């Protein structure tokens, strides 16, 4: 007769189960990325090193997500799976950006890939609302993928000489704000929903995507990007003013629903 499991062993298995589930989801995303890379190389050719660049970036994303596995919803859900697939596609874009000649030769293909990422951005949220799976993890995951997507698009624009390095400010704005939050505690307060913030986010993605199109010259792209950057600064500026005006109020207690 088999020996009964001790309570500590049962607890250990209970803790390991979510880790295996997380690893499975992340491996599935990695497999999807591999299929996407192979399909791209078969379709247009390209450097085999794309496996290394895109795969390495995805592994970085996977490491971050695995680190925060305690916050994962159980089950993971299709909304988060779509966000993970979108994240893998963004890593493919970023990996291709390290090969400017390859990117320039097949820019329409990458514009279509970026368009797919932009469209999927609305799908995951719709599914989360329809299935009642909305939560802090999914919202933060979606927001961080959006932020990195904008950074990748702005970097691709610079790589294609559509604009100067100043265009990176569009993609870096979110990360500068995160650094400022670490220095200035009042900026850590949760922000209320903002129509201007949503419009600015969609505007950035649409403008960056449009400027990537082959028929858009550097002069037109620079003008459009300057307008986009001004709108982004207006949105961030309004949020910062709102936060600083409440600097003397205590910060709300943050439970385990928050992902720091």
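Residue numbers (our numbering): 332 to 591. Cβ atoms here follow ideal geometry from the backbone N, Cα and C, with glycine treated the same way. Since the structure is predicted, the reported quantities are computational estimates derived from the model, not experimental observations.
Whole-number beta carbon distance between residue j and residue i, since they are thought to touch under 8 Å
i	j	result
residue 455	residue 413	4 Å
residue 380	residue 423	So it is not a contact: roughly 13 Å between Cβ atoms.
residue 353	residue 397	6 Å
residue 493	residue 552	4 Å
residue 534	residue 499	Actually they do not touch by this definition, with Cβ atoms about 17 Å apart.
residue 501	residue 557	About 10 Å separates the two Cβ atoms, so there is no contact after all.
residue 360	residue 434	Wrong, their Cβ atoms sit about 23 Å apart, outside the cutoff.
residue 531	residue 566	4 Å
Separation of residue j from residue i, as counted between CA atoms
i	j	result
residue 505	residue 478	7 Å
residue 469	residue 515	26 Å
residue 452	residue 497	26 Å
residue 508	residue 351	34 Å
residue 529	residue 471	15 Å
residue 526	residue 564	15 Å
residue 570	residue 446	28 Å
residue 421	residue 475	11 Å
residue 490	residue 538	16 Å
residue 357	residue 438	28 Å
residue 393	residue 373	26 Å
residue 378	residue 371	11 Å
residue 547	residue 440	15 Å
residue 523	residue 405	27 Å
residue 449	residue 480	9 Å
residue 399	residue 511	22 Å
residue 436	residue 375	9 Å
residue 587	residue 521	Residue confidence is low: residue 587 scores 41 on pLDDT, short of 50, so the model does not pin down where it sits. No coordinate-derived value is stated.
residue 560	residue 401	36 Å
residue 382	residue 573	44 Å
residue 411	residue 536	20 Å
residue 366	residue 473	22 Å
residue 596	residue 444	Residue 596 lies beyond the stretch modelled for the chain, which goes from 332 to 591, so this question has no answer here.
residue 403	residue 576	34 Å
residue 463	residue 407	13 Å
residue 349	residue 549	49 Å
residue 589	residue 387	Unreliable placement is indicated for residue 589, whose pLDDT of 44 sits below 50; the coordinate value is still reported in the next sentence. Residue 589 and residue 387: Cα-Cα distance of roughly 28 Å.
Beta carbon proximity, residue i to chain B, threshold 8 Å
i	result
residue 352	Structure shown: chain B not included; a single protein chain is present.
Heavy atom of the ligand NAD within 7 Å of residue i beta-carbon
i	result
residue 544	This structure does not include the ligand NAD; it has no bound ligands of any sort.
Task: Sufficient close CB pairs (3 or more, under 8 Å) joining the stretch 423-430 to the stretch 454-472 - done: no
Task: Ranges of the beta strand (DSSP E) found wholly within the stretch 353-385, counting only runs of at least 3 - done: none
Open item on the list: Quick check for students: name the residue ranges of the alpha helix (DSSP H) that lie wholly in the stretch 457-537, counting only runs of 4 or more.
Closed with: 467-490 and 499-514
- [ ] List in chain order: all unbroken alpha helix (DSSP H) runs of 4+ residues lying wholly within the stretch 389-449.
- [x] You should have 409-427 and 431-436.
Open item on the list: Would you call the stretch 542-551 in contact with the stretch 471-489, where contact means no fewer than 3 C-beta pairs closer than 8 Å?
Closed with: yes
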